[in-house]
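In case it helps, our numbering puts the sequence shown at residues 3 to 177. By construction, the Cβ of each residue, glycine as well, lies at the ideal position given by its N, Cα and C atoms.
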Amino acid sequence: MSSTEHSFEKIKLILSDVDGVLTDGGISFDNNGIESKKFHIKDGLGIKMWQRAGFRFGILTARTSHIVKVRSAELGIEIVRQGFEAKLPTAETLAKSMDLQMNQICYIGDDLTDLPVLRAVGLGVAVADAVDEVLAAADLITTRAGGQGAVRELIETILKSGGRWDDLVQQYYAA
Numbered sequence: 003m004s005s006t007e008h009s010f011e012k013i014k015l016i017l018s019d020v021d022g023v024l025t026d027g028g029i030s031f032d033n034n035g036i037e038s039k040k041f042h043i044k045d046g047l048g049i050k051m052w053q054r055a056g057f058r059f060g061i062l063t064a065r066t067s068h069i070v071k072v073r074s075a076e077l078g079i080e081i082v083r084q085g086f087e088a089k090l091p092t093a094e095t096l097a098k099s100m101d102l103q104m105n106q107i108c109y110i111g112d113d114l115t116d117l118p119v120l121r122a123v124g125l126g127v128a129v130a131d132a133v134d135e136v137l138a139a140a141d142l143i144t145t146r147a148g149g150q151g152a153v154r155e156l157i158e159t160i161l162k163s164g165g166r167w168d169d170l171v172q173q174y175y176a177a
């Protein structure tokens with residue numbers, strides 16, 4: 003992950019875009035018009051580890067998709083906001099409802115609709131293949147592209163910086 007030194011200790015919530023972050027940005031339709039997306043399994047386990055560490059993870063996406071609802075339920079993600087192209091007001095309302103300051107939120111995105119919220123949070127993160135404007139505005143840039151484990155990379159970075167990663171990994175040795 004490229005950036006200058008950053009303090010992660012204030013981060014209590016990670017919000018993520020979906021298309022181009024949790025997926026590679028591709029959307030497929032079958033002959034019946036049914037949409038499909040491909041999610042990276044390592045992102046899913048990373049999200050579960052983030053939750054086990056006592057933190058919250060949420061989705062904030064401009065599109066609306068049943069698949070996002072299904073994947074979120076599978077991962078136990080309770081914060082799912084779909085169909086909001088103006089993401090900043092949604093993020094601000096969410097922060098207020100959770101009694102969080104915007105500087106306690108990390109947002110990871112890839113495209114222009116992510117810019118306002120990316121700039122307003124405590125930690126704005128761009129995936130490696132984000133558009134130039136998002137890369138320029140980000141506090142951190144992942145080494146992995148969207149849909150290729152970028153969210154897992156972010157989560158590992160934050161958890162390792164706080165000394166939580168090794169304890170979480172040990173739980174898998176004990177299983």
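Go ahead and label residue 19 buried or exposed: buried means 16 or more other beta carbons lie within 10 angstroms of its beta carbon, across all protein chains shown.
Residue 19 sits at position 17 when you count from the first residue of the sequence shown. By the 10 Å Cβ count, residue 19 comes out buried.
Mapping the DSSP letters down to three states, classify residue 46 as helix, strand or coil.
By 1-based counting over the sequence shown, the position of residue 46 is 44. DSSP places residue 46 in helix when its eight states are reduced to three.
Only counting runs of 3 or more residues, tell me where the beta strand (DSSP E) segments fall wholly within the stretch 53–116, in order along the chain.
Entirely contained in the stretch 53–116, the beta strand (DSSP E) runs reaching 3 residues are, in chain order, 58–63, 81–84, 107–111.
Are the beta-carbon atoms belonging to residue 31 and residue 164 less than 8 Å from one another?
Numbered from its first residue, the sequence shown carries residue 31 at position 29. Numbered from its first residue, the sequence shown carries residue 164 at position 162. Cβ atoms of residue 31 and residue 164: not closer than 8 Å.
Is it buried or exposed, residue 174, if we count other Cβ atoms within 10 angstroms and call 16 or more buried?
Within the sequence shown, numbered from 1, the residue matching residue 174 stands at position 172. Exposed is the call here.
Any heavy atom of the ligand ATP closer than 7 Å to the Cβ of residue 90?
In the structure on display, the ligand ATP does not appear, and there are no ligands present to speak of.
Do three or more CB pairs link the stretch 142–158 to the stretch 120–130 at distances below 8 Å?
Contact between the stretch 142–158 and the stretch 120–130 is present, because at least three Cβ pairs lie under 8 Å.
Indicate whether residue 52 and residue 59 have their beta-carbon atoms separated by less than 8 Å.
Looking up residue 52 in the sequence shown gives position 50. Looking up residue 59 in the sequence shown gives position 57. Yes.
Do residue 124 and residue 104 have their C-beta atoms closer together than 8 Å?
By one-based count along the sequence shown, residue 124 stands at place 122. By one-based count along the sequence shown, residue 104 stands at place 102. Yes, they are a contact pair.
DSSP state of residue 127 mapped onto helix, strand, coil
By 1-based counting over the sequence shown, the position of residue 127 is 125. Residue state, collapsed to three classes: strand.
Which one or two residues does DSSP pair with residue 37 in a beta bridge?
Mapped onto the sequence shown, residue 37 falls at position 35. Partner(s): 31.
State the Cα-Cα distance for the pair residue 21 and residue 63, rounded to the nearest angstrom.
Within the sequence shown, the letter at position 19 stands for residue 21. Within the sequence shown, the letter at position 61 stands for residue 63. The straight-line gap from Cα to Cα measures roughly 8 Å.
Can you tell me whether residue 170 is helix, strand or coil according to DSSP?
Counted from its first residue, the sequence shown places residue 170 at position 168. If DSSP states are grouped into helix, strand and coil, residue 170 belongs with the helices.
Can you check which of these residues, 65, 95, 43, 13, is closest to residue 77 by C-alpha distance?
Here residue 77 refers to the residue found at position 75 of the sequence shown. Here the closest residue by C-alpha is 43.
So, with DSSP's three-state summary, where would you put residue 13?
Taking the first residue of the sequence shown as position 1, residue 13 is located at position 11. Coil.
Own chain partners of residue 83 with C-beta closer than 6 Å, once the 5 adjacent residues on each side are dropped:
The count along the sequence shown starts at 1 and reaches residue 83 at position 81. Taken in chain order, the residues that qualify are 62, 92.
In terms of DSSP beta bridges, what is residue 18 paired with?
In the sequence shown, residue 18 corresponds to position 16, counting from 1. DSSP lists 61, 110 as partners of residue 18.
Using a Cβ-Cβ cut-off of 8 Å, state whether residue 122 counts as contacting chain D.
The displayed structure is made up of one protein chain only, and chain D is not part of it.
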